[in-house]
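Structure first, then comments.
Protein chains: 2
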Amino acid sequence: MVQGIETWVAPGVRGLAPYQPGKPISDLERELGIQDIVKLASNENPLGYSPHVRDALSSALPDMARYPDGGGYALKSALARYYGLTQDQVTLGNGSNDVLDIVARTFLTHEQGAIVAQYAFAIYALTVQAMSAPLQVVPAIHYGHDLTAMAQAVQVSTRLIFIANPNNPTGSSVSQQELKVFMQELPPHVHVVLDEAYLEYSDEGGVDAATWIEQFPRLIICRTFSKAYGLAGLRIGYALSSAPVANLLNRVRQPFNVSSLGLVAAEAALADQDFVMRTRQLNQAGLQQLRAPLEGKGLQVLPSQGNFLCLDMGRPAQPVYEALLRQGVIVRPLGGYGMPNHLRVSVGLPEENARFLTALDHVLS
Amino acid sequence: MVQGIETWVAPGVRGLAPYQPGKPISDLERELGIQDIVKLASNENPLGYSPHVRDALSSALPDMARYPDGGGYALKSALARYYGLTQDQVTLGNGSNDVLDIVARTFLTHEQGAIVAQYAFAIYALTVQAMSAPLQVVPAIHYGHDLTAMAQAVQVSTRLIFIANPNNPTGSSVSQQELKVFMQELPPHVHVVLDEAYLEYSDEGGVDAATWIEQFPRLIICRTFSKAYGLAGLRIGYALSSAPVANLLNRVRQPFNVSSLGLVAAEAALADQDFVMRTRQLNQAGLQQLRAPLEGKGLQVLPSQGNFLCLDMGRPAQPVYEALLRQGVIVRPLGGYGMPNHLRVSVGLPEENARFLTALDHVLS
Chain A
24 MVQGIETWVA PGVRGLAPYQ PGKPISDLER ELGIQDIVKL ASNENPLGYS
74 PHVRDALSSA LPDMARYPDG GGYALKSALA RYYGLTQDQV TLGNGSNDVL
124 DIVARTFLTH EQGAIVAQYA FAIYALTVQA MSAPLQVVPA IHYGHDLTAM
174 AQAVQVSTRL IFIANPNNPT GSSVSQQELK VFMQELPPHV HVVLDEAYLE
224 YSDEGGVDAA TWIEQFPRLI ICRTFSKAYG LAGLRIGYAL SSAPVANLLN
274 RVRQPFNVSS LGLVAAEAAL ADQDFVMRTR QLNQAGLQQL RAPLEGKGLQ
324 VLPSQGNFLC LDMGRPAQPV YEALLRQGVI VRPLGGYGMP NHLRVSVGLP
374 EENARFLTAL DHVLS
Chain B
24 MVQGIETWVA PGVRGLAPYQ PGKPISDLER ELGIQDIVKL ASNENPLGYS
74 PHVRDALSSA LPDMARYPDG GGYALKSALA RYYGLTQDQV TLGNGSNDVL
124 DIVARTFLTH EQGAIVAQYA FAIYALTVQA MSAPLQVVPA IHYGHDLTAM
174 AQAVQVSTRL IFIANPNNPT GSSVSQQELK VFMQELPPHV HVVLDEAYLE
224 YSDEGGVDAA TWIEQFPRLI ICRTFSKAYG LAGLRIGYAL SSAPVANLLN
274 RVRQPFNVSS LGLVAAEAAL ADQDFVMRTR QLNQAGLQQL RAPLEGKGLQ
324 VLPSQGNFLC LDMGRPAQPV YEALLRQGVI VRPLGGYGMP NHLRVSVGLP
374 EENARFLTAL DHVLS
């Protein structure tokens, strides 16, 4: 037996509780023996992904015995062109989770810490804790980031501030004008991770990367192919930054962190902006389809700039989540976020949204 | 401009030089404008991968908009069955590089360090350095691991020892008997990472995981689907360990670190051991095809238990490497390993090996 093994690990790892992902369909099938499951638990794209991606993947399959291009030449070129940046301003990640990890590993130590907002995407705090680095959690305002308080929280030892815009799981957002004021106030020892995983769904869209990085060289913009581009299963995210910052991030990055299929899929996905447009339209319609009936049930529905809604059930949400599972509908309980009365439901296809509403009626009645 | 940005990063990142991978074929095509390139630079499987994998990948493609199963249930079950372990003894990685990173992040801090061997796989030292952790490099013996000296180097602050068996890039190995004696000597605060990426090619094979982990609960065995299974492009590696160690590693692991396609490909690959057998046979023949002519040229060829040969050119190898590139043959210079006179050449198909020998003749004449 391994006795007291935690004695030997890094201090931050001792109390670390792993991230709780949305329940996979296969798990629910196995556990409850039910079929015909609707998963609205992980903010995935119900349209799937661009048909161009399918073609690119098929043609890349024969070459899987080769290592990926660790430099990611083709994808980084495409991203640089798309954003009006240079290739040396791009850092590729195995999903944007990997990018967040890379940034944390680059800047954080046991003495150099980070600031996150209450109710912000959970991976930020986990990544900071895994580094055994000091973590400050700044209270939210209306379930969103309080940028003024976050700027005031900066200490000499602060190296990173994580901002999710829009934020998951609450759907909150800050305006670009507020962000700009915030950025201007920060001292030079602080880098800002602006996580725009959901930018394609928001009214304001993401920041103009080239302009913002030019003006704020300590800004690190994270984006992903897992949401609007529908490639969550392939794990591709990226950071846009100044070239010196990207140089540092790429030192810490594992040399083959993105798979060959991820590289070709992302390149094909980026080229099909029509698909992103259809995704956004479906999402707008789905948000409308869901909101009115939910509010009609007397639930408080937070404003959302994402592809999901965050619902205050007015009572403990975990039993509701479990009852929905038995109806074959997977949503996301938010107890781990300190929001025990809230559920997050992703926007699905119209029939999936309807299925959720019916199941919720059944559960609440 | 970002001035003095290195001031703000973790100390280990300041001097970190990224890993230099084998040159991709696409890079050489782009740079020299040549075609018909033979790449023997990354110890890839020249047979490709099992046809069963191709079928599994094709059937998984439609589902890429979903996140992978973060728990890796199916693949972990298959690996546990294969090795006679339980699922909670398996940790999946985005290639074994990711597994090595996860282990380092679990056990190392600015005060808790690691021991590696001179000429050992470069990623170990880079991973330790990225953690700003103390690193001890123990001199090699005959280009291989000196286990006695490595055990003697253990300090109170030592947490990890990395052992590559067989080692890349030298091809050296230690016997299981030597390893057993080494393991028995270690104090309880030290975990051993036994990297068996090349086990399928070696005469002795890997250790019997179930028996060894039972006897040595501080042993962490790393294996990969990138070499004999031919799936380097998809990034799947794993660690086998005691359940308490796996529990720690899985806290640090990114929740979706292996792609959906990686999960299904690895499961299909594991089930086709005939393919691994054919791979081993091809490799044996290739090693014979290469060794005699190389020794005939007066080159010193190190003993190899891998799918590659390490050659002492008796003069600076970098110009030879570059001349081979112009012949359309990519091999690996080892200057970064402190072996400026050595080249590493991977075993390819018979015609690729012949092409290398001919090109080398041309370059050396």
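So the sequences go chain by chain: A and B. So in this note's numbering, the last spot in the first sequence is 388, and the numbers never skip. So in this note's numbering, the last spot in the second sequence is 388, and the numbers never skip. From the three backbone atoms N, C-alpha and C, an ideal C-beta is built for every residue, glycine too. All of these numbers come straight from a predicted model, not from anything done at the bench.
Own chain residues within Cβ distance below 8 Å of residue i, not counting five before or after
i, result
"Glu-290/A", "Ala-79, Ala-97, Leu-98 and Ala-101"
"Val-25/A", "Confidence at Val-25/A is low in this model, with a pLDDT of 45, below 50, so its placement is unreliable and the value that follows should be read with caution. Excluding residues within five positions, none has a Cβ falling inside 8 Å."
"Asp-59/B", "Gly-351"
"Arg-314/A", "Val-324 and Leu-332"
"Arg-37/B", "Glu-29"
"Val-299/A", "Glu-223, Ala-251 and Tyr-252"
"Arg-338/A", "Asn-364"
Contact test: residue i Cβ vs the ligand PLP heavy atom, cutoff 7 Å
i, result
"Arg-338/A", "The model on display carries no ligand, and the ligand PLP is accordingly not part of it."
Contact check, residue i vs residue j, beta carbons under 8 Å
i, j, result
"Arg-246/B", "Leu-222/B", "yes"
"Thr-171/A", "Gly-136/A", "no"
"Pro-278/B", "Pro-41/A", "yes"
"Leu-272/A", "Thr-132/A", "no"
"Asn-117/B", "Asn-270/B", "no"
"Val-215/A", "Val-126/A", "no"
"Gly-35/B", "Ser-155/B", "yes"
"Pro-356/B", "Ala-340/B", "yes"
"Thr-302/B", "Ala-251/B", "yes"
"Gly-309/B", "Val-368/B", "no"
"Gly-194/B", "Pro-326/B", "yes"
"Ala-148/B", "Val-161/B", "no"
"Arg-349/A", "Leu-39/B", "no"
"Pro-211/A", "Tyr-360/A", "no"
Minimum C-alpha distance to residue i - residue among the options
i, options, result
"His-165/A", "Thr-181/A, Asn-190/A and Gly-253/A", "Asn-190/A"
"Ala-145/A", "Phe-130/A, Ile-186/A and Thr-129/A", "Ile-186/A"
"Gly-94/A", "Pro-44/A, Gln-112/A, Glu-134/A and Glu-208/A", "Gln-112/A"
"Thr-381/B", "Ser-327/B, Pro-339/B and Leu-317/B", "Leu-317/B"
"Ile-236/B", "Met-362/B, Pro-267/B, Pro-210/B and Val-386/B", "Pro-267/B"
"Phe-205/B", "Thr-109/B, Ala-232/B, Ala-308/B and Val-177/B", "Val-177/B"
"Gln-199/A", "His-365/A, Ala-232/A and Met-362/A", "Ala-232/A"
"Gln-141/A", "Pro-211/A, His-168/A and Thr-150/A", "His-168/A"
"Asn-364/B", "Pro-342/B, Val-370/B, Met-336/B and Val-343/B", "Met-336/B"
"Val-139/A", "Ala-163/A, His-212/A and Thr-129/A", "Ala-163/A"
"Arg-77/B", "Phe-248/A, Ala-88/A and Gln-311/A", "Ala-88/A"
"Ile-184/A", "Gln-238/A, Gln-312/A and Leu-123/A", "Leu-123/A"
"Leu-108/A", "Ser-265/A, Leu-334/A, Arg-349/A and Gly-361/A", "Ser-265/A"
"Gln-152/A", "Leu-310/A, Ala-33/A and Glu-227/A", "Ala-33/A"
"Gln-304/B", "Asp-226/B, Gly-56/B and Asp-121/B", "Asp-226/B"
Same chain only: Cβ atoms within 6 Å of residue i, ignoring 5 sequence neighbours per side
i, result
"Gly-253/A", "Asn-68, Gly-71 and Tyr-72"
"Ile-28/B", "none"
"Tyr-224/A", "Asn-306, Gly-329 and Asn-330"
"Tyr-90/A", "Phe-279"
"Glu-208/A", "Ala-174"
"Ile-48/B", "Ile-60 and Lys-62"
"Thr-150/A", "Leu-123, Asp-124 and Ala-127"
"Asp-218/A", "Ala-187 and Cys-245"
In DSSP terms, what residue i is bridged to
i, result
"Gln-323/A", "Asp-335/A"
"Arg-355/B", "Arg-367/B"
"Ala-137/A", "Leu-158/A and Leu-183/A"
"Arg-246/B", "Tyr-261/B"
"Val-113/B", "Leu-263/B"
"His-75/A", "Per DSSP, none; premise fails for His-75/A."
"Asp-59/A", "According to DSSP, Asp-59/A bridges with nothing at all."
"His-214/B", "Leu-183/B"
"Gly-167/A", "Ile-164/A"
Spatial neighbours of residue i in its chain, beta-carbon cut-off 7 Å, leaving aside the 5 residues before and after
i, result
"Ala-346/A", "Val-386"
"Phe-130/A", "Arg-182, Leu-183 and His-214"
"Lys-46/A", "Ala-64 and Ile-353"
"Gln-312/B", "Pro-373 and Asn-376"
Cβ of residue i within 8 Å of any chain E Cβ
i, result
"Leu-131/B", "Here the protein chains are A and B, and chain E is not one of them."
> Within the chosen definition, does the segment 256-266 of chain A reach the segment 285-301 of chain A through at least 3 CB pairs nearer than 8 Å?
Replying inline: These segments touch.
>> Using 8 Å as the cut-off, can you tell me whether the segment 318-325 of chain B makes contact with the segment 293-301 of chain A, which would need three or more C-beta pairs spanning the two stretches below that distance?
In response: Using a C-beta cut-off of 8 Å, the segment 318-325 of chain B makes no contact with the segment 293-301 of chain A, since fewer than three inter-stretch Cβ pairs fall below that distance.
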